[in-house]
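Each residue of the sequence shown is one higher than the last, beginning at 125 in this note's numbering.
Note that CB positions come from ideal geometry on N, CA and C, so glycine has one too.
Computed from a prediction, not measured in an experiment: that's the story for all the values here.
One structure is given below, encoded as C-alpha cells.
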Amino acid sequence: MIDVASLPSGEWVFEAVEGLVSGLKPNSRYFVVINVETATTINTSNSILLPTVARVDGTNGAGKFLGRRTPNPNWDVLSDFFSTPTFDHLLMKVTAARPPGQSLALQPLHGATDILRDTKLTWTPGKYAAPVDGHIVYFSENFDDVNDGIGGVTLSAESYDPGRLDFNKTHYWRVDEVNGPPDFTVYEGNVWSFTTEPISYPITNITATASGTSNRQTLPEKTIDGSGLDELDLHGIHVSTMWLSAGMPAWIQYEFDKAYKLHELWVWNANELIESFLGFGVKDVVIEYSANGSDWAVLDGVGPLAQAPGADGYAANNVIDFGGATAKFVRIMINSVHGVVSQASLSEVRFLYKPVLARDPRPTVGATEATLDTVLDWRPGREAGSHQVYFSDDMEAVVGERALIATTTDASYDLSRQSLKYGSTYYWKINEVNELESPAVHAGNLWHFKTPTFVSVDDMEAYKDEPFLEIWAQWVDGVDDPANGSLVGNETAFGTHLPETHWVYEGDQAMPMIYDNGPSTTSETTRTFDPPLDWVRGDPEVLSLFFLGDPTVIRGKPANDPAPLYVVIKDSAGQAVRVVHPDSAATQIAEWIEWVISLTELASLDLSSVHSMTLGVGGDGGTDKGKMFFDNIRVGTPLPSVDGNAPNHHHGP
C-alpha cells in the first residue's frame, strides 16, 4: 500500500489493474478532475477509467503521478495520461493526498534508510499553519511516544535539528500543524520513520585467490559470492557453497577494487554436516593487510577462530576488528584447523568498511543537463573536517590536483561563481581532509557532468487557455494595431486563439502566426522579457529558432505567399538589430527548419540585458498573406542540425 502521507503536496496516487475500456481512443490524452474538498478516496465502486499510462518505473501496476492545480483551488487535475502498446487501458483507483491543513515530510522521506546521522528534519507546512509557533514536532526512537504525542517541541521554523543521531537506528517523527488565532486548530500529522546510516558498509567488488583448491566446486570465490546464505545471512551445510583448500598449510587472499578503511571482517567458518567430528574449519590464523600489494602488515590480536556447528541456520560467529586499517589486500594465513584433516575450509567472509571518501555526487556522474547555476553536492566522508573541491573543464588538471577552487566545511559548492559555459564537460572531485587522522587526506574519485548545449528562450509549451497564460498575451500581435497584420494563435469557435498542436517541431505545442500585409506593411509579434534575459552568461554563440511555412498545398500551389522573414532583438537601452533570413521566400519553406543566427550579428546590443524579441514577416512592400509556425527558440552553442534541415515533425493525422 502506498503511504500518501509521504507524497508531495498536490500529488495523487493511483492503483491500476488491466482492463479494457470501450470508447477511449489509443494514443490520446485524457484528463480527470477531482474535487479535493469532497473526495479523499475514489474506490472500486466509482473508479475512474483512463487510458493506459506508464508508471514512473515504466511497469504496469500501482504507481503515482502528479496532479495539477486548476484555477479553482478546490479541484485537481490528473493529467497527461497516454495509452501505451502494452495494454489497451487501465482501471485506476485514485486516492487523494494529504488534507490541506496537514504537514508533509520532505526530508527524510518516510521509510528512508541510510540517512546521515547529522540530518535535519524538514517538511512542507500545512496550509493553515500559523507563522509563529505553528508546528509541534514529536521525535523519538519509540513509535508509541510519537504516535501518542509525547514530548512535542513547538517551533516557528519549518525544520528541526535533532542533533547527531546514533548509527543504524530507526527514528519516528511527526509534525502537528497549529492554526493561528482565534481557534488554534491542531492538524495532527502522520507518523513518519527513517533509519540512520550503519557504522560501516560491506565491500562488494572483491577478487579471491588461494594457495589451492580441492576441486572445481570449492573455489575461493565461494567465500564472497553469497552462496549458501539465506536472506537472514544464515549459512547452510552444502560443501559446494564453500572453499576447500588442497592441503595444509594454506592461505586465501582478497583484493578489493580500491583501498578501504576497514572496520570489521565477518567470518562464517566451514559448516559441512561432518564439521563437528572432522573439523575442516579454520582455527589458528595470521591476517596480513596491504595498501599496495607489496608492503604488508600483520593485524594484531586475532585469536583462534570459532568453529561452526555443522548445521543449517549458521550465523557468522567470528568478527575481527580491523581498527580502521587502510587496505586493498587482505591475506589469511591458515596454520591449523579444528580437526585432524589436512585441508582447511571457509563458508563465507564479509569485509565492512567505513566510508571516508566523498560519495553520491550531484550532479550524478555523466549527467548531461546540469545548469549554469549547478550546485555541487556530495555525501561527505565519515571523518572529514573539510573538503577540497577540485573543478575544471580540464580533466588532467583535476586528476593532477592542479584545479583546487575551494576548501569548504559544507558538503556543497555553488558553481555560479565559476562562469560555466554551455555545451561543456566539467570534471570534479572532492578530497576529504582531517588533520587529526592518518592519512590526513583521502583523495576522491573523478566525477564529470555536461552542461546543456542551449537554454530555452521559449519552447511554446507553457501556454494555456487561461487568463494571462494565453499565447497571444505573451506574444503580442497586431489585433489592436492597423499597421501590424499579424494574428497569433489558432482561432476556435469560441473566439480564443490557441497554440498549435498539430504542426509541432518538438514537444506538444508551437506558435502559429497568421500574416496579412495587404492592409499593413508588416506582420509581426513581439515578446517582452521581464526581467531581461542574459545572453552573455554561459558564452552562447548562436540564437536559433525553428520555423515552418504553412505546408498546405492549394490547387498545386503553396498556401503561403512568398515574403521575407525577420527577427528583431532589442536591448534594455532601446537599441535594436534586425536580422533577415537569407531566403527572401522563407515563408514558403514547408518543412521545419532551424534558423541559426550568430550572436556576432547582434554585437552592437547589450546582450546581457535582452528586452524583447520580435518575429516578423514582410517589410518589402508586398501584400502577401499566409501562416507561419514557430517553435524552440533558444540560445547556446551550435546544434547538430545547423548543417541541415530539421525533420518535419507533426502531431495528429
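Within the continuous beta strand (DSSP E) that includes residue i, where are the two ends?
i    : result
V409 : 409-414
H462 : Careful: H462 lies outside any beta strand (DSSP E) and carries neither H nor E.
L657 : 646-657
H705 : H705 -> no beta strand (DSSP E), and no H or E assigned at all.
M584 : Counting along the chain, M584 falls outside any beta strand (DSSP E), and DSSP gives it neither H nor E.
T237 : 236-239
Q512 : 510-516
T751 : At residue 751 the sequence reads Lys, which differs from the Thr that was named. Element bounds for K751: 749-760.
N555 : 549-557
S227 : Here S227 belongs to no beta strand (DSSP E), and DSSP marks it neither H nor E.
G275 : That residue, G275, is in no beta strand (DSSP E); it is neither H nor E in DSSP.
E282 : From DSSP, E282 is part of no beta strand (DSSP E); its letter is neither H nor E.
K478 : 469-478
G642 : From DSSP, G642 is part of no beta strand (DSSP E); its letter is neither H nor E.
N442 : 442-445
P485 : 483-486
Could you check where the alpha helix (DSSP H) with residue i kicks off and where it finishes?
i    : result
I595 : 595-598
M519 : 519-523
S400 : 399-402
V270 : 267-271
In this structure, does DSSP put residue i in helix, strand or coil?
i    : result
A567 : coil
T492 : coil
S418 : coil
R541 : helix
T248 : strand
A700 : strand
E725 : helix
Q789 : What the structure shows of the chain is the stretch from 125 to 777, and residue 789 is not part of that stretch, so it cannot be assessed.
Q712 : helix
P535 : For the record, residue 535 in the displayed sequence is Ala; it is not Pro. It is coil, neither helix nor strand.
W627 : coil
E388 : strand
D300 : strand
G147 : Because G147 carries a pLDDT of 40, less than 50, the predicted location of this residue cannot be relied on, and no value is offered for it.
Y262 : strand
M372 : coil
K694 : strand
T676 : coil
D436 : coil
S207 : For S207, the predicted model reports a pLDDT of 30, less than 50, meaning its position is unreliable; a value from the coordinates is still stated below. Residue state, collapsed to three classes: coil.
E396 : coil
N684 : coil
V160 : In this prediction, V160 has a pLDDT of 37, which is less than 50 and means its spatial position is unreliable; nothing more can be read from the coordinates.
K382 : strand
S610 : strand
Near residue i, what residues of its chain come up, given a Cβ to Cβ distance below 6 angstroms and the 5 sequence neighbours on each side ignored?
i    : result
W420 : E412, S414
R506 : K478, P479, V480
A521 : A527
L496 : L544, G662
Q231 : T246
N184 : Note on N184: pLDDT 32, under 50, position unreliable in the model; the coordinate value appears next. Excluding residues within five positions, none has a Cβ falling inside 6 angstroms.
Y378 : I330, A332, V454
R288 : R241, D242
D381 : N329
V473 : T347, V391
D517 : S548, Y550
In chain order, what residues of the same chain have a beta carbon less than 8 angstroms from the beta carbon of residue i, not counting five sequence neighbours either side?
i    : result
P623 : M584, Y587, I595, G613, N614, Q633, A634, M635, P636
P322 : D238, F291, N292
Counting only the same chain and skipping the five closest in sequence on each side, list residues whose C-beta sits under 7 angstroms from that of residue i.
i    : result
L723 : W659, P664, E665, V666, L667, L731
G743 : T645, T646, P688, Y690
R298 : Y262, V270, G313, N314, V315, W316
E388 : S324, V443, I444, D445, F446, L476
F308 : V302
L358 : G437, Y438, A439
V734 : F653, P656, L657, W659, I693, D695
Any chance the CB of residue i is under 7 angstroms from a heavy atom of the ligand SAH?
i    : result
D307 : The ligand SAH is absent from the structure shown, which contains no ligands of any kind.
Which runs of the beta strand (DSSP E) fall wholly inside the region 311-369 and span at least 3 residues, in chain order? 316-320, 330-334
If contact is defined by three or more beta carbon pairs under 8 angstroms, each pair taking one atom from either stretch, is the region 571-582 in contact with the region 483-502? yes
So does the region 449-467 actually touch the region 369-383, counting three or more Cβ pairs closer than 8 angstroms? yes
Is it true that the region 594-610 meets the region 695-710, where meeting means three or more beta-carbon pairs spaced less than 8 angstroms apart? no
Can at least three beta-carbon pairs, one atom from the region 298-308 and one from the region 342-356, be found at a separation below 8 angstroms? no
Sufficient close CB pairs (3 or more, under 8 angstroms) joining the region 423-440 to the region 388-397: yes
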